[in-house]
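Chains as they are written, first to last, in the working numbering: chain A, 26 to 235; chain B, 26 to 235; chain C, 2 to 269.
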């Protein structure tokens, strides 16, 4: 390689780089700053992110915390025989998705979407994995606890923030993250307007199946 | 950052980089090569070493095995000292006061005055704080070490000399010698709860009589 | 129907796997169909059936779906498979829905069957959306599977150093308390107004000597305003009376419990 790499990054950049390399956990800009005696590390982080963008190792931000990780396109070279990622049951993956896309969400709300009771163990597994946590109680009768995802969830799934959840914008635009009741009220209003061609809920099919 | 960083290292270099980054221990060139399906990694290692030379992280070869480490000049960043302000426990304060009023004084003498055993840790705390030091040994059987206050002690408490400490008469006038029942109770409670102090159950120790 | 929350359960499909696995093998092979464990409740089964219609869930034929579900349940019953109650409840509900949908419109109840059908459709859409989202989520580049953090980080260490604090007053106060605690303690007993047993004895016996009649005990007490002294005098005089009775110099009488105690001297 050539001269260009001999350009020495400034010391703050090097310090941030060394700190994040040495850290065992992702660190927020604030934590890095505290570690480095209060320096403003934002610019250094941006510079490092840029510098590593094309390398085999990358600097990524996940839920306001930063860490170095190997480039995703090299996954096939690095995947170890020993599967280190926990395999989740289908129930657990579904519950996780519902929590992530609807948070904060109560267990009853999760069950309403899935149409089955959620075994206690399912949420426990997700909490034990560090991806879901209890964030409070809903102020309705019974005060049910409500769940949300954690920064570790974002880190694990490579999401910078919840806005990066796959397809979340489309789902929201399609109203698929709204409760059934809301969608129903809206749909019935529409149906009331032009009943003839809009009754695909069941009647359109009448002829088909008949 | 500038264009130079946009130069993407070739894929073998990136693979070697990621492999070494993710490795849990240093790897020989041969081991890396095996991991990457037999590619010749020598050139890639040389290129990486060069690329990281001025960075906060460096690729180094030690005994034919390669690993990343933080740059030696930044090693101090990995350990950071944080000062925590801590209040002296009541037991330590008492011991300090006794040393100040009676110096030079042995541990047995301190215990005789306090009426309770004094844990070694209490004197250690005072020496760590820089307020008490060992000034010699008493020429009596057993040659116990004797303690006195330091100049730092005077500085910390804003005293010109030990003579500035209020005398017994002044303490009495200030009501500080009143045999207040609850002051005693409080003192005993504190002793009981003090981690660095002693078993008040032990009371006057064998050393007192020794 | 409950699910299992277990990790690594062999019966469980990994998210990346095609969740329509059962459906995609959609021959009319009943044995394959009737693996109820493959579904997490009736809604899950319905969604699977709906996906076999291979149309957008918004265009799904609810009637067709109802028929498929009912056929499925019938098959299961024919094979005498034990069906969880919620499958049967759903079957009954769908049968009702179907008949309602086929009724002439003016005989429809409230809520209308269209609304019920729409509600079912909306629920299926939502479940399908979350199922797809879960699959996409699981398929992301996951840390520890596709991307890796540093294998052997040095770790950041924070060494705590104590900065001890104590002030002048605390120091002096502590010394005062040590001195106070260890100073010889003088116990002082405050003088109290009491009538001693001796004085009570001489007073009662002398009074008995001059009086021949029964006297109440309280008449022996010296006239005094201080209630503490009166108590003391009463107690002492009572003991004195007992003592005199023991010596055979007096007799004591009490008519009833807690009644007045009366004393009379005995002439030898």
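Each residue gets a CB set at the ideal place from its N, CA and C atoms; glycine is no exception. In this text, all values refer to a predicted model and were calculated from it rather than measured experimentally.
From the options, residue whose alpha carbon lies closest to that of residue i
i, options, result
"residue 59 (chain A)", "C:210, C:102, C:157 and C:56", "C:157"
"residue 129 (chain B)", "B:40, B:144 and B:164", "B:164"
"residue 239 (chain C)", "C:222, C:229 and C:248", "C:222"
"residue 115 (chain B)", "C:177, C:42 and C:63", "C:177"
"residue 131 (chain A)", "A:44, A:91, A:173 and A:144", "A:173"
"residue 234 (chain C)", "C:259, C:202, C:141 and C:254", "C:202"
"residue 212 (chain C)", "C:251, C:73, C:78 and C:198", "C:251"
"residue 52 (chain A)", "A:90, A:149, A:70 and A:74", "A:90"
"residue 176 (chain B)", "B:83, B:155, B:104 and B:50", "B:155"
"residue 236 (chain C)", "C:197, C:214 and C:227", "C:197"
"residue 261 (chain C)", "C:216, C:241, C:224 and C:231", "C:216"
"residue 112 (chain A)", "C:191, C:214, C:143 and C:265", "C:143"
"residue 12 (chain A)", "A:73, A:189 and A:56", "No statement about residue 12 (chain A) is possible, as the shown extent of chain A runs from 26 to 235 and does not include it."
"residue 179 (chain B)", "C:160, C:149 and C:167", "C:167"
Distance CB(residue i)-CB(residue j) smaller than 8 Å
i, j, result
"residue 80 (chain B)", "residue 100 (chain B)", "no"
"residue 123 (chain B)", "residue 138 (chain B)", "yes"
"residue 61 (chain A)", "residue 102 (chain B)", "yes"
"residue 119 (chain A)", "residue 135 (chain C)", "yes"
"residue 245 (chain C)", "residue 195 (chain C)", "no"
"residue 155 (chain C)", "residue 64 (chain A)", "no"
"residue 147 (chain B)", "residue 125 (chain B)", "no"
"residue 45 (chain A)", "residue 92 (chain A)", "yes"
"residue 106 (chain B)", "residue 180 (chain C)", "no"
"residue 212 (chain A)", "residue 64 (chain C)", "no"
"residue 128 (chain C)", "residue 48 (chain C)", "yes"
"residue 141 (chain C)", "residue 104 (chain A)", "no"
"residue 80 (chain C)", "residue 96 (chain C)", "no"
For residue i, three-class secondary structure by DSSP
i, result
"residue 140 (chain B)", "coil"
"residue 36 (chain B)", "helix"
"residue 69 (chain C)", "helix"
"residue 238 (chain C)", "helix"
"residue 196 (chain C)", "coil"
"residue 154 (chain A)", "coil"
"residue 94 (chain C)", "helix"
"residue 179 (chain C)", "helix"
"residue 41 (chain A)", "helix"
"residue 148 (chain C)", "strand"
"residue 65 (chain A)", "coil"
"residue 55 (chain C)", "coil"
"residue 120 (chain B)", "helix"
"residue 75 (chain C)", "helix"
"residue 217 (chain C)", "strand"
"residue 260 (chain C)", "coil"
"residue 83 (chain C)", "coil"
"residue 157 (chain C)", "coil"
"residue 24 (chain A)", "With chain A covering only 26 through 235, there is no way to say anything about residue 24 (chain A)."
"residue 63 (chain C)", "helix"
"residue 173 (chain C)", "helix"
"residue 73 (chain A)", "helix"
"residue 146 (chain B)", "helix"
"residue 167 (chain A)", "coil"
"residue 188 (chain A)", "helix"
Close beta carbons around residue i, own chain, < 6 Å, minus the five adjacent residues each side
i, result
"residue 200 (chain A)", "208"
"residue 46 (chain C)", "40"
"residue 34 (chain C)", "Residue placement at residue 34 (chain C) is poorly supported in this model, since its pLDDT is 45, which falls under 50; the coordinates still yield a value, given next. Cβ within range, chain order: n/a, list empty."
"residue 219 (chain C)", "none"
"residue 285 (chain C)", "Since the first residue shown for chain C is 2 and the last is 269, residue 285 (chain C) is missing from the structure and cannot be characterised."
"residue 255 (chain C)", "262"
Bridge-paired residues (DSSP) for residue i
i, result
"residue 172 (chain B)", "B:130 and B:159"
"residue 251 (chain C)", "C:266"
"residue 95 (chain A)", "A:82"
"residue 53 (chain B)", "B:90"
"residue 205 (chain A)", "Answer is none; residue 205 (chain A) lacks a bridge partner."
"residue 108 (chain B)", "C:162"
Nonlocal neighbours in the same chain, by C-beta distance under 7 Å from residue i, ignoring five residues either side
i, result
"residue 249 (chain C)", "267"
"residue 133 (chain A)", "169"
"residue 43 (chain C)", "87, 88 and 91"
Chain-order list of residues whose beta-carbon lies under 8 Å from that of residue i (same chain, five-residue window excluded)
i, result
"residue 59 (chain C)", "122 and 126"
"residue 55 (chain C)", "none"
"residue 84 (chain C)", "37, 74, 77 and 78"
"residue 124 (chain C)", "44"
"residue 70 (chain B)", "41, 54, 57, 84, 86 and 91"
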